[in-house]
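The opening position of the sequence shown corresponds to residue 116 in this note's numbering, with each subsequent residue numbered one higher.
Glycine included, each C-beta is placed from N, C-alpha and C at the ideal position.
Note sheet for the following structure.
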Amino acid sequence: MKLTGAQVLCESLVKEGVDIIFGFPGGAVIPLYDTLPQYPQLRHILVRHEQGASHAADGYARATGKVGVCFATSGPGATNLVTGIANAFLDSVPVIAITGQVRRDFIGRDAFQETDITGITLPITKHNYLVMDVNHLAMVIKEAFHLARTGRPGPILIDIPRDVFLEQTEFSYPDKLDLPGYKPTLQGHPAQIKKAAKLINEAKHPIIIAGRGVNVSKAYDELKYLAETAQVPVATTLLGVGCFPESHALSYGMVGMHGMVYANYAIENADVLVALGMRFDDRVTGKISAFAPHAHIVHIDIDPAEIGKNVRVDVPIVGDVRMVLQALNKQLIPVDRLSWINQLDDWRKEHPLDIRGDDGLLPQYVVRQIYEKTRGEAIIVTGVGQHQMWAAQHYWFNKPNTLISSGGLGTMGFGLPAAMGAQIGCPDTTVWCIDGDGGFQMTLQELGTIVQEQTPVKIAIINNGFLGMVRQWQQLFYKGRYVATPISSPDFVKIADGYGMPALRVEHKEEVAPAIEQAMAHNGPFLIDFMVEPEENVYPMIPPGATVAEIIEEPRQPIKAISDSKKLKVSNI
116 MKLTGAQVLC ESLVKEGVDI IFGFPGGAVI PLYDTLPQYP QLRHILVRHE
166 QGASHAADGY ARATGKVGVC FATSGPGATN LVTGIANAFL DSVPVIAITG
216 QVRRDFIGRD AFQETDITGI TLPITKHNYL VMDVNHLAMV IKEAFHLART
266 GRPGPILIDI PRDVFLEQTE FSYPDKLDLP GYKPTLQGHP AQIKKAAKLI
316 NEAKHPIIIA GRGVNVSKAY DELKYLAETA QVPVATTLLG VGCFPESHAL
366 SYGMVGMHGM VYANYAIENA DVLVALGMRF DDRVTGKISA FAPHAHIVHI
416 DIDPAEIGKN VRVDVPIVGD VRMVLQALNK QLIPVDRLSW INQLDDWRKE
466 HPLDIRGDDG LLPQYVVRQI YEKTRGEAII VTGVGQHQMW AAQHYWFNKP
516 NTLISSGGLG TMGFGLPAAM GAQIGCPDTT VWCIDGDGGF QMTLQELGTI
566 VQEQTPVKIA IINNGFLGMV RQWQQLFYKG RYVATPISSP DFVKIADGYG
616 MPALRVEHKE EVAPAIEQAM AHNGPFLIDF MVEPEENVYP MIPPGATVAE
666 IIEEPRQPIK AISDSKKLKV SNI
């Protein structure tokens, strides 16, 4: 059966189970878009900016566990995907970005809308392709999806010249792959697993840090078995939030710069640290030389490049987290660690994550009310900044993949399009986008896509009139010099109304719950602009490059610099 390159691409996407594509057309991809009506199985979502397409594909992938797909044309269309591709790369998200390219005979001649997108994205993709022969296209698609979703997941870019879309070939989708250089290690080394089990069995003060790798490998039951059988407390990274139920007695929340005091204290005093599918990001470790100073470290990760990269490791284990834990759990011995758990509970009582009873409207209160009104059953998608940390701290996550956030790249503007992607992927689940007034303005044009598609995303803007996280650093570490952080915003309620979306502004505490209830009762998208306290800070906080001993908690009175704040000291137990 002879098909055009565009038809080959669409047939291949259908074979891979794709049903949603986020994209924006242009000259180099007109032949592809002209072919789309032949494939009603492929629902195309017309975004308002290509960055929105890549973020939406990312949010869709995280929420559904499928591969997200986005289209863009050549030149600026392709380059507008770059931030979203980099975001997916750092957070290990399977995304396929398909871009058009100028005709083959124009490549290298600086033709209209020509860019070397494969060269540009080489450092931020797991792999990429320039398809110069239509006969190779089906195999490229097969390889791309396999690479994106296996091993350590990641984004793949496929660049296709315009004339390849038009060229014809005999279509046959390959059954097998031949990738001799790509063989991810899934099973951990038995000797290393035995060493890890011995350390855990003999530990007095063990702690687990669970990262995104637990979500990727779906190692939820195995993690729970490890924690409960060996009585090991569990903390998570930002991207690991939800992989272990936060209501569980052995859950001690998020670690790191804005993590729980008691979770960070546990790391400071642990004698064995078990790291699962996480990469010891600097936001987790703080000062690396002082991180977990008393602990033997077991690091389990599918990517060998991550082991030993940032932190010394005593027992490295390369493998899929779920498969490694299945083998490890067979060697565990039940141990009574009540005194250690009691110590963590005492720290939790001494350093709780409370919300002050101020008369003003606090962002933490808004997040907690969203939790109460959704009963913890929503998917929460955030942008990046203070609101991101408040969402991670004050909305309690008991289900995997229900906090979707930009971790490694820290991408402002991620929230709204990613929430749209998550909602389209999970149409029967409530999705809340919690965003800041600064980051929201970076991609707010996707309100148009949301309304056009009648995607029932609920949007909470935490509006403090600042680029809040940068302002907080300026307050604490730069003597309160607020340079380029005060930001004016449009009337978000009127903006939403202009797009045809109902919206409310909330200025008082007593208005919060009714507004959230009204948003959730509406069967379409809804926006709420929460006018919160302008200079509220995120606590606790470990200053960048500092140690757990220098953690800053909520001050008793307003502070102007770090030297005025309360610093807590950790004593070894």
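(request) Could you check the C-alpha separation between S189 and F280 for me, to the nearest Å? (result) 13 Å
(request) Rounded to whole angstroms, what's the CA-CA distance from K573 to D550? Just pull it up for me. (result) Rounded to the nearest whole angstrom, the C-alpha separation of K573 and D550 is 11 Å.
(request) With distances taken Cα to Cα, identify the nearest neighbour of L135 among L157, C125, I145. (result) For the record, residue 135 in the displayed sequence is Ile; it is not Leu. The candidate whose alpha carbon is nearest that of I135 is L157.
(message) Our contact map puts A410 next to V387 with C-beta atoms below 8 Å; I'd like the distance itself, whole angstroms only.
(response) 6 Å
(request) From the DSSP output, read off the bridge partner residues of E285. (result) Beta-bridge pairing links E285 to K117.
(request) Keeping to the same chain, check which residues put their C-beta closer than 7 Å to that of V499; ignore five residues upstream and five downstream. (result) S521, G525, T526, M527, F529, G554
(request) Could you check what DSSP says for S79 in three-state terms: helix, strand or coil? (result) As shown, the chain starts at 116 and ends at 688. That puts residue 79 outside it, with no answer to give.
(request) For C358, write down the residues that DSSP places opposite it in a beta bridge. (result) Answer by DSSP bridge pairing: none, since C358 is not bridged.
(request) Using beta-carbon positions only, say whether A364 and I324 come within less than 7 Å of one another. (result) No, they are not a contact pair.
(message) Assuming the contact rule is C-beta atoms closer than 8 Å, P360 and N513 should be a hit. Round their C-beta distance to whole Å, please.
(response) 4 Å
(request) Can you tell me which of the three DSSP states D225 falls into? (result) coil
(request) Please say whether M372 and R398 have beta carbons closer to each other than 7 Å? (result) Contact: yes.
(request) Could you pull out every residue in the same chain whose Cβ sits closer than 6 Å to the Cβ of V133, ignoring the five residues on either side in sequence? (result) V184
(request) State yes or no: is the C-beta of D435 within less than 7 Å of the C-beta of I412? (result) Taking 7 Å as the Cβ cut-off, D435 and I412 do not qualify as a contacting pair.
(message) If you follow the beta strand (DSSP E) that T214 is in, where does it begin and where does it stop?
(response) Where T214 is concerned, the enclosing beta strand (DSSP E) stretches over 210-216.
(message) Suppose the cutoff is 7 Å on Cβ atoms and the five residues either side in sequence are ignored; what does the same chain contact list for A533 look like?
(response) The residues H170, A171, D173, G174, V496, I519, in chain order, have a CB closer than 7 Å to that of A533 in the same chain once the five nearest residues on each side in sequence are set aside.
(request) Return the CA-CA distance between K594 and H414, expressed in angstroms with no decimal places. (result) 39 Å
(message) Classify A306: buried if its beta carbon has 16 or more other beta carbons within 10 angstroms, exposed otherwise.
(response) exposed
(request) Mind checking who I273 pairs with in its DSSP beta bridge? (result) I213, Y244
(message) Taking contact to mean 3 or more Cβ pairs, one atom from each stretch, closer than 8 Å, check whether the segment 637-652 and the segment 470-479 are in contact.
(response) yes
(request) Inspect the beta-carbon positions of I271 and K241 and report whether they are closer than 7 Å. (result) yes
(request) Leaving out five residues on either side along the sequence, give the residues of the same chain with a beta carbon under 8 Å from the beta carbon of A121. (result) P146, L147, D149, T150, F280, L281
(message) Looking at the secondary structure, which residues open and close the beta strand (DSSP E) in which L161 lies?
(response) Per DSSP, L161 belongs to the beta strand (DSSP E) from 158-161.
(request) To the nearest angstrom, report how far apart F137 and T570 are at their CA atoms. (result) 14 Å
(message) Classify G583: buried if its beta carbon has 16 or more other beta carbons within 10 angstroms, exposed otherwise.
(response) buried
(request) Return the chain-ordered list of same chain residues with a C-beta closer than 6 Å to the C-beta of V129, the five sequence neighbours on each side being excluded. (result) These residues qualify, in order along the chain: Q156.
(message) If you reduce the DSSP assignment to three classes, tell me which class M369 lands in.
(response) strand
(message) Is it buried or exposed, K298, if we count other Cβ atoms within 10 angstroms and call 16 or more buried?
(response) exposed
(message) Within the continuous alpha helix (DSSP H) that includes V436, where are the two ends?
(response) Counted as a single uninterrupted DSSP element, the alpha helix (DSSP H) harbouring V436 occupies residues 436-444.
(request) Since I believe G392 is in contact with R327 (beta carbons under 8 Å), could you give me their beta-carbon distance rounded to a whole number of angstroms? (result) 6 Å
(message) Within 10 Å of its beta-carbon, does F187 have 16 or more other beta-carbons around it, so buried, or fewer, so exposed?
(response) What sits at residue 187 in the sequence shown is Ala, not Phe. Buried.
(request) Please name the residue or residues paired with G183 in a DSSP beta bridge. (result) V210
(message) According to DSSP, F645 sits in a beta bridge with which residue or residues?
(response) I577, V621
(request) Grab me the residues of R218's own chain with a C-beta within less than 6 Å of its C-beta, minus the 5 sequence neighbours each way, in chain order. (result) Residues P276, R277, D278 of the same chain have their beta carbon placed closer than 6 Å to that of R218, with the five preceding and five following residues left out of the count.
(request) Put F693 into one of helix, strand or coil per three-state DSSP. (result) A query on residue 693 cannot be resolved here, the shown segment of the chain reaching from 116 to 688 and no further.
(request) Mark K117 as exposed unless 16 or more other C-beta atoms lie within 10 angstroms of its C-beta, in which case mark it buried. (result) exposed
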